[in-house]
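Right, one structure below, let's go through it.
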Amino acid sequence: MIIHDISSAGKMNIAKIYAFVSDLVKYNTQLVQITGRIYGLRPGLHGFHVHERGTFGRNCSNAGPHFNPFNQNHAGPSDAPRRHVGDLGNIYANNWGVANLAIYDNFIRMRERRELSIIGRGIVVHADPDDLGRGGNDESLETGNAGARLACCQIRTY
35 MIIHDISSAG KMNIAKIYAF VSDLVKYNTQ LVQITGRIYG LRPGLHGFHV
85 HERGTFGRNC SNAGPHFNPF NQNHAGPSDA PRRHVGDLGN IYANNWGVAN
135 LAIYDNFIRM RERRELSIIG RGIVVHADPD DLGRGGNDES LETGNAGARL
185 ACCQIRTY
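Written out as structure tokens, the structure is:
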């Protein structure tokens, strides 16, 4: 599975997403792996989420909200199953603005029923750190206060 179709909302530092998503099956447990690199980010933490739609435009806002088929509050990756399926936490961009991804998650799915699968949905990189639903306000429980959308791409199969 490859993530591609780069769209960028930023005007100054355009983030470029190069990532690979694969299914890993180990000890009868499905584990989804996301690996890759994102270039052109401001150094530091950035929220990283699977969003409802893999369609973009309007500064990635067409991607919709975080993928949340079980109607949960926003939380961190380790809070599953009491989180949005799309809540993947933060990625870290180094001093050169490069984030090296190595995310493993056993809550997201790629091959189940369409309403539970991440295939065809979007991945969005946000401007600010994700507070993992612990910010103490309504926005934290919806988005993690992760801020503007910097870059987005669609998850596709080949």
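The opening residue of the sequence shown carries number 35 in the working numbering; numbering runs sequentially from there. Backbone N, C-alpha and C fix where the C-beta goes; we use that ideal spot for every residue, glycine too. Being a predicted model, the structure only gives us computed values, none of them experimental.
Let me know the secondary structure DSSP gives residue i once reduced to three states.
i: Leu-75; result: coil
i: Glu-176; result: helix
i: Met-46; result: Because the pLDDT of Met-46 is 35, which lies under 50, any placement of that residue in the model is unreliable, and the number read from its coordinates should be weighed accordingly. Of the three classes helix, strand and coil, the one that applies to Met-46 here is coil, per DSSP.
i: Lys-60; result: Unreliable placement is indicated for Lys-60, whose pLDDT of 44 sits below 50; no coordinate value is reported for it.
If I follow the unbroken beta strand (DSSP E) through residue i, where does it start and stop?
i: Ala-194; result: As displayed, the chain neither begins before 35 nor continues past 192, which places residue 194 out of reach and without an answer.
Using the rule of at least 16 other Cβ atoms within 10 Å of the residue's Cβ for burial, across every protein chain shown, is residue i buried or exposed?
i: Asn-102; result: buried
i: Ser-174; result: buried
i: Asp-164; result: buried
i: Phe-82; result: buried
i: Phe-23; result: This structure leaves residue 23 out entirely; the chain is present only between 35 and 192.
i: Thr-177; result: buried
i: Arg-216; result: Since the displayed the chain opens at 35 and closes at 192, residue 216 lies outside it and no answer follows.
i: Arg-183; result: buried
3-residue-minimum beta strand (DSSP E) runs that sit fully inside the segment 81 to 169, ordered along the chain: The qualifying runs are 121 to 127, 133 to 139 and 156 to 160.
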